[in-house]
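Residue numbers for the sequence shown, in the working numbering: 13 to 223.
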Amino acid sequence: MFTGLIEQVGEVESVRQTEAGRELRIRAPFTDLRNGESIAVNGACLTVREFGAGWFDTAAVVTTLERTTIGDWKKGSRVNLERAMRPDDRLGGHIVQGHVDCVGVVVAVERTGDAVLVDLSLPQSIESLFVLHGSITVDGVSLTVNELKPGGLQLSLIEYTLRHTTLGELRPGAKVHVEADVIAKHVRRLLEPYLREASALTSLTDFSLEH
């Protein structure tokens with residue numbers, strides 16, 4: 013589990029295809045990693061396979077590649093890094109699992125005063141999981157929904173976030189990892205049977221009125 017507060021920005025040093033999947037070597041200044049520990053790389057929970065002074069290796073399997081942008085990463089790509097939360101850590105962001113729900117697309121980037129507004133386009137299937145001023149994870153960063161828009165939403169990035177993550181590099185057309193609030197996902201799952209029943213009753217009522 014993670015909090016969405018980025019610890020370091022790393023850089024992809026090499027990419028190769030192995031039996032473990034798409035294997036990445038990432039440069040990062042961590043000094044006390046352990047093999048097998050989880051680390052969120054642009055919000056995708058990956059496992060440390062090997063590590064050394066200033067680097068670690070990890071790999072993404074085909075199911076991860078299908079739902080993320082990791083297949084597009086190459087040498088020199090900069091990535092947001094967060095190690096798993098300890099039980100005694102402050103939960104400064106929100107509960108982040110490192111499970112990417114979809115890939116969003118940046119539609120617009122605009123500076124307004126001391127903030128940068130970023131409009132994201134999202135798949136329709138995930139739109140209902142977001143609420144105004146609710147939590148969202150974008151490339152591993154815990155953020156707040158600034159505005160809901162048709163087909164997506166807007167983020168407001170503060171100066172600290174721009175300096176300490178890769179989000180300051182976002183431009184229209186960029187693809188980002190998006191994770192919805194896990195609480196919202198569970199609530200929608202629990203409500204689905206009741207929503208289907210309500211929809212069926214509405215359809216039956218409309219049919220009766222028409223006939």
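Glycine included, each C-beta is placed from N, C-alpha and C at the ideal position.
message = Distance check for R183 and A120, CA to CA, integer angstroms please.
response = By one-based count along the sequence shown, residue 120 stands at place 108. By one-based count along the sequence shown, residue 183 stands at place 171. Using only the alpha carbons, I get a separation of about 7 Å.
request  = Helix, strand or coil for E25, going by three-state DSSP, please let me know.
outcome  = One-based indexing of the sequence shown puts residue 25 at position 13. Three-state result, E25: strand.
key: Short Cβ contact (8 Å threshold) for D113 with G164   = On the sequence shown, residue 113 is found 101 positions in, with the first residue counted as 1. On the sequence shown, residue 164 is found 152 positions in, with the first residue counted as 1. Not a contact, by the Cβ cut-off of 8 Å.
task = Give the C-beta separation of T76 and T59 to the nearest angstrom, bearing in mind that I take them to be a contact with Cβ-Cβ under 8 Å.
result = Translated into the one-based positions of the sequence shown, residue 76 becomes position 64. Translated into the one-based positions of the sequence shown, residue 59 becomes position 47. Taking 8 Å as the upper bound for CB-CB distance, T76 and T59 are not in contact here, some 11 Å apart.
ask   = T178: buried (16+ other C-beta within 10 angstroms of its C-beta) or exposed?
value = Locating residue 178 in the sequence shown gives position 166, counting from the first residue. Residue environment: T178 is assigned as buried (16 or more neighbouring CB atoms within 10 Å of its CB, all protein chains considered).
request  = Ignore the nearest five residues each way along the sequence and tell me which others in V194's own chain have a CB closer than 7 Å to its CB.
outcome  = The count along the sequence shown starts at 1 and reaches residue 194 at position 182. So the qualifying residues of the chain are I107 and Q109.
query = Short check: CB of I38 to CB of R95, under 8 Å?
reply = Here residue 38 refers to the residue found at position 26 of the sequence shown. Here residue 95 refers to the residue found at position 83 of the sequence shown. Contact flag unset, no.
request  = Would you check if there are 3 or more beta carbon pairs closer than 8 Å linking the stretch 25-38 to the stretch 78-86?
outcome  = The stretch 78-86 and the stretch 25-38 touch, with three or more beta-carbon pairs separated by less than 8 Å.
request  = To the nearest angstrom, report how far apart R102 and F14 are at their CA atoms.
outcome  = One-based indexing of the sequence shown puts residue 102 at position 90. One-based indexing of the sequence shown puts residue 14 at position 2. Going from the Cα of R102 to the Cα of F14 covers about 11 Å.
key: Distance between Y172 and E49 (C-alpha atoms, nearest Å)   = The sequence position of residue 49 within the sequence shown is 37, counting from 1. The sequence position of residue 172 within the sequence shown is 160, counting from 1. Whole-angstrom Cα-Cα distance: 28 Å.
Under the three-state DSSP convention, the category E62 falls into = Looking up residue 62 in the sequence shown gives position 50. Strand.
request  = For N158, collect the residues of the same chain with a Cβ closer than 6 Å to its Cβ; drop the 5 residues on either side in sequence, then sort them by chain order.
outcome  = Translated into the one-based positions of the sequence shown, residue 158 becomes position 146. Counting only Cβ-Cβ distances below 6 Å, and skipping sequence neighbours, we find Q166, L167 and S168.
ask   = By how many angstroms is the C-alpha of L45 removed from the C-alpha of E62?
value = Taking the sequence shown and counting its residues from 1, one reaches residue 62 at position 50. Taking the sequence shown and counting its residues from 1, one reaches residue 45 at position 33. Computed Cα separation, rounded: 9 Å.
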